[in-house]
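Structure, as structure tokens:
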Amino acid sequence: MSGGLSSARPDRFTPWGETLDPNAVLQEYPRPQLVRSSYLNLNGLWQYAISTPGASPHEEVARVNAGAGEGADGQILVPFSPETPLSGVSRQLQPGENLKYWRSFTLPAEFVQDRVLLHFGAVDQRCSVRINGEDVGGHHGGFLPFTLDITAALQHGAQGSAGPHTLSVDVQDDSDTSHHSRGKQKLKRGGIWYTAQSGIWQTVWLESVPETHVEKLTLVPDLAGSAVEVTVTGAAGTATVVIADDAGELTKVSVEANVPTRIHLERAHRWSPEDPFLYDVQVSLGDDHVSSYFGLRSFGVGPDANGHLRLLLNGEPYFHAGLLDQGYWSDGFLTPPSDEAMIYDIATAKRLGFTMLRKHIKIEPLRWYHHCDRLGMLVWQDMVNGGTNYKAPIITAPVVLPLRLKDNNYARFGRTSVQGRADFMTELQQTVELLRNVASLAVWVPFNEGWGQFDALAATAELRRLDPSRTIDHASGWHDQGGGDLKSLHIYFTPFKLRARWKKDPRAVVLSEYGGYSLRIAGHDFSAREFGYRRYRSVADLGKAFTRLHEREIVPAIADGLAAVVYTQLTDVEDELNGLLSYDRRVAKLPDAVVQAVTAQLTLNPHAHQPLSQAPLSQRRGTS
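Given below as structure tokens:
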């Protein structure tokens, strides 16, 4: 590994991280549903410096000296956080410290049109940005992208707008010492809480656009009407929209900017995990040209032929056989080491027979959702939790005790900060807008296990207003407020059986977390600790337990009305050794055939509920 990255433990690297070229990091276009030809990737080696509290202004300025390296602590590989092995730094940023990045860049010939936009996929947690020493803006919030117009600041480059230019980013991160959304990060990591990370952790990139350009493209499929509603957001004007399928152009329509326009599709081709068909979209507004896509599908909840409430896909009952997917990597933590690495996780889950991934407490780079769309993998999307001082009786005791509390007592749930609650609702709205066009996204999950939960019914109402097309799991696990579309259960320590009162609930019953069986793989573990809900010491024992759990508890419950399951989990994460894959993705803990024999039963086909040992081999793949 070049670029100063070889000092980290070799067993911490994934196969993609081990072969990573620092000069070609995550080069793929970051925004697959709004693509244009102008694109300059700024990932790679930057200068960085971490300053301690109390540094003088003079010392601070010296550390960011015009990109020449003066005052630098060294180089960091962007977009990997300094805490990660792939960053080349392996240094924990503490609350109150400042993390500064800087680099120079030159714009290619004829790159500049009327405006130049600087994009950050995500920066954890607060940042300010300068171009050529001039403030161009900043952002609060560690999991969402933001864009800055840097056109004016580029005029101050050494050779005008072409450059070279100096880009600097100043970051602070309170991690879990404040109310900000942080997900599973914790300064004192351990168990289900992971190493806190900071700074730039998704792709940084530039694009150039005409003065009149497509600012946003909203695509809302209407399966029942064989149509799609298109909204081209931008300056006033008339846009041209061309929609095509694999047989060629379907329609070409002129639409007014900022006006939702319904476009009929003569050939309606449904999207599903078994047939992940995507329509191509081309949009022109003035001199701006962008490409996109959409899937024609619908989601909902409704009864099957036996009266059991089921999740619906395209109007038909469809069982969501899912895995908890936290999106952590042994070498990049929240940042995947490559596009191929993201594809590997999704393709592996699909090969094993799963139809859904629950994206747990993280917003992924947009390319991850693109791969779910094109490969055919349903997504449940968690919002990122915030708040302070989680109390064990609130977030841990309910796993074994029937504790269900009202979530308007903000002190109980670590939500006394008015600003923190407002920030969460703002981020909820921004998350919906960011992911609205994702074809595979079926379910929103605003809260999990009481972590910073508050006013879940109000959050559900806001989600309904923003996006009435998707299903809502309003309080996954416990502290159920009676809202949303799903009765959502987390059960680890007791046998699972559908209770009569659950079946009387007006919502579909889902087992949104279960299993969590652990197996340590020597040389592929993160630490000496082991977190799992049941521990096994051999592949054979784990395989028998995995099969027995599903044969005795899960498969009978599906026949009795269970609508979805989420097994914990796809991969190990730090101390959690309960993944089907090791943290470094080098070891699959169970043979494919063992897992596939189980997932073949997690469907709604006529043979789904035979005991595993009796199902004919030809029927063990099943269909939904």
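Start counting the sequence shown at 858; every next residue gets the next number (our numbering). Note that the Cβ used here is the ideal one computed from N, Cα and C, for glycine as well. Predicted, not measured: the structure shown is a model, and the values here were computed from it.
Between residue i and residue j, is the Cβ-Cβ spacing less than 8 Å?
| i | j | result |
| --- | --- | --- |
| I842 | V1444 | Summary: the structure shown does not reach residue 842, with the chain confined to residues 858 through 1481, and so no result is reported for it. |
| P889 | L1223 | yes |
| E1306 | S1333 | yes |
| R1391 | Y1371 | no |
| F1003 | S895 | no |
| H1331 | T1351 | no |
| K1045 | I1218 | no |
| L1323 | P1303 | no |
| D1432 | E1387 | yes |
| A1313 | Q1338 | yes |
| L1024 | I1049 | no |
| R1119 | L1153 | no |
| I1251 | R1269 | yes |
| R948 | P939 | yes |
| W903 | Y958 | yes |
| Q951 | P1067 | no |
| G1389 | N1435 | yes |
| F962 | P1021 | yes |
| L1438 | T1212 | no |
| L1005 | V993 | yes |
| N900 | L883 | yes |
| L1170 | S1111 | no |
| G1340 | N1242 | no |
| R1327 | W1301 | yes |
Return the Cβ separation of residue i and residue j in integer angstroms, given the expectation that the two are a contact with Cβ distance under 8 Å.
| i | j | result |
| --- | --- | --- |
| V1158 | V1147 | In fact, because the Cβ distance is near 34 Å, the residues do not count as touching under 8 Å. |
| D1182 | D1202 | 7 Å |
| D1027 | G999 | Rounded, the Cβ-Cβ distance is 15 Å, inconsistent with contact. |
| A1365 | L1343 | 5 Å |
| V1455 | H1407 | 5 Å |
| A1114 | V1089 | 5 Å |
| D1188 | F870 | 5 Å |
| L964 | A1019 | 5 Å |
| V1136 | I1100 | Checking the sequence shown, residue 1136 turns out to be Tyr, not Val. Indeed they touch by this definition, with Cβ atoms about 6 Å apart. |
| H1227 | I1200 | About 10 Å separates the two Cβ atoms, so there is no contact after all. |
| T1245 | G1271 | 5 Å |
| G1172 | E1221 | With 8 Å as the limit, G1172 and E1221 do not qualify as a contact, their Cβ atoms being about 28 Å apart. |
| L1142 | V1085 | Not really, about 18 Å apart at Cβ, beyond 8 Å. |
| H997 | S1274 | That belief does not hold up - the Cβ atoms of H997 and S1274 are roughly 14 Å apart, past 8 Å. |
| V1071 | G1091 | 5 Å |
Assign residue i to one of three DSSP states: helix, strand, or coil.
| i | result |
| --- | --- |
| V1423 | strand |
| L1346 | strand |
| V1250 | In the sequence on display, residue 1250 carries Pro and not Val. Correct three-state label for P1250: helix. |
| L1434 | coil |
| E875 | helix |
| S1155 | coil |
| F962 | strand |
| E1290 | helix |
| A1365 | strand |
| V921 | Low confidence applies to V921: its pLDDT is 47, below 50, so where it sits in the model is not reliable enough to give any reading. |
| K1173 | The amino acid occupying residue 1173 in the given sequence is Glu; Lys does not appear at that position. Note: E1173 maps to strand in three-state DSSP. |
| G931 | strand |
| R1167 | strand |
| G901 | strand |
| D1144 | coil |
| Q1453 | helix |
| P1023 | The residue you asked about is not Pro; residue 1023 is Thr in the sequence shown. Residue state, collapsed to three classes: strand. |
| Q1139 | strand |
| S944 | helix |
| A1416 | helix |
| Q1276 | helix |
| H915 | Note that H915 scores 49 on pLDDT, short of 50, meaning its location in the model is unreliable; the coordinates nonetheless yield the value given after this. In the structure shown, H915 sits in a helix (DSSP, three-state: H, G or I). |
| T1428 | strand |
| W1359 | helix |
For a test of your reading of the model: does the CB of residue i fall under 7 Å from any non-hydrogen atom of the ligand ADP? Yes or no.
| i | result |
| --- | --- |
| L1427 | The ligand content of the structure shown is nil, which means the ligand ADP is not present either. |
Compare the C-beta of residue i against all C-beta atoms of chain C and say whether one is closer than 8 Å.
| i | result |
| --- | --- |
| V1444 | This model lacks chain C altogether, as it is built from one protein chain only. |
Next item on the list: With a floor of 3 residues, list each beta strand (DSSP E) that falls wholly inside the segment 1038 to 1124, ordered by position along the chain.
Entry: 1061 to 1066, 1071 to 1079, 1084 to 1091, 1095 to 1102, 1105 to 1113, 1118 to 1121
Check: Between the segment 1412 to 1431 and the segment 1169 to 1189, do three or more beta carbon pairs fall short of 8 Å?
Finding: yes
Margin query: Quick check for students: name the residue ranges of the beta strand (DSSP E) that lie wholly in the segment 966 to 1015, counting only runs of 3 or more.
Written below: 972 to 977, 983 to 988, 991 to 997, 1003 to 1006
Next item on the list: For the segment 925 to 945 and the segment 1101 to 1114, state whether three or more C-beta atom pairs, one from each stretch, are separated by less than 8 Å.
Entry: no
Check: Can you find at least 3 beta carbon pairs, one from the segment 1278 to 1298 and one from the segment 1231 to 1243, that sit closer than 8 Å?
Finding: yes
Notebook entry, point to check: Would the segment 1022 to 1039 and the segment 1055 to 1070 be scored as touching if the rule is three or more Cβ pairs under 8 Å?
Noted result: yes
Item checked: Every unbroken alpha helix (DSSP H) inside the segment 1183 to 1238 [4 residues or more] -> 1196 to 1208, 1223 to 1232
Item checked: Sequence ranges, beta strand (DSSP E) only - wholly within the segment 1366 to 1399, length at least 3 -> 1374 to 1376, 1391 to 1393
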